[in-house]
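Residues 19 to 208 in our numbering are what the sequence shown lists, from first letter to last. Beta carbons: idealized from backbone N, C-alpha and C, even for Gly. From a predicted model like this one, the values you see are computed outputs, not experimental measurements. Read through the structure below, which is laid out as structure tokens, and then see the notes.
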Amino acid sequence: MWPLVFFVLSCFVVVLVIREVVLQRLQRHTSAFWLFISGEALLFGSLFAGVMWGEESGTGVLADGFEFPFVSCFLLLTSSVTMTVYHHCYGLNLGRWFLYLTMLLGALFVLVQVCEFYGSGTDSLYCSYFSASYLTVGLHFTHVVVGLLAMLFLLIIGPEGQYYYSSLVVWYWHFVDYVWLWVYLLIYYN
């Protein structure tokens, strides 16, 4: 019982601290965020190079590009549209519903990816191509989860939260969407 009480109290404290930090209107560092996005782009670029280098072995593909990955592509591209609508409707009640819809689409993407991983007939140790592919898809999966947590952060700070934080999350989510297009083209659509 005590671990549950501790967890609930910890979550409550985290929510209070996050709200306090946001409401203090700390100095904003947009250039640092873009530097972060640039670093992530370089990381994914190096992983894509590893995928293309390992592809020469001709060992096959991670999954059929027109099954789970195609559904994942549809989910993330649709979530990009709903996130844009949320950003344009920020501060309105309608905008909040589009954020919920984006989170639902992101969660469905995560579910589809988990099903794809469990149904895959290969493993990451078979060859360098599969190692690089699993690492790239897994890193993107992690970025989607972080994006969902960032959206949850937007819900926690509430309507009094700043448009600035909303913009950062929107930029991050679009970055994750663009990376998925490259993942889909380089790994699944051969």
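Check, Outcome
"Run the CB neighbour count on G165, radius 10 Å, all protein chains shown included, and call it buried at 16 or more, exposed below.", "buried"
"Need the endpoints of the alpha helix (DSSP H) that S138 sits in, please.", "Element bounds for S138: n/a, residue is neither H nor E."
"Return the CA-CA distance between A125 and W71, expressed in angstroms with no decimal places.", "32 Å"
"Please return the same chain residues whose Cβ sits closer than 7 Å to the Cβ of I205, not counting the five positions on each side in sequence.", "V69, L80, S151, T154, V155"
"With DSSP run on the structure shown, which of helix, strand or coil describes L93?", "helix"
"Determine the contact status of W198 and C133, defining contact as a CB-CB distance below 9 Å.", "no"
"What are the boundary residues of the alpha helix (DSSP H) that I175 is part of?", "146-175"
"Could you give the DSSP three-state label for Q232: helix, strand or coil?", "With the chain covering 19 to 208 only, the question about residue 232 has no answer from this structure."
"Can you give the Cα-Cα distance for I174 and S56, rounded to whole angstroms?", "27 Å"
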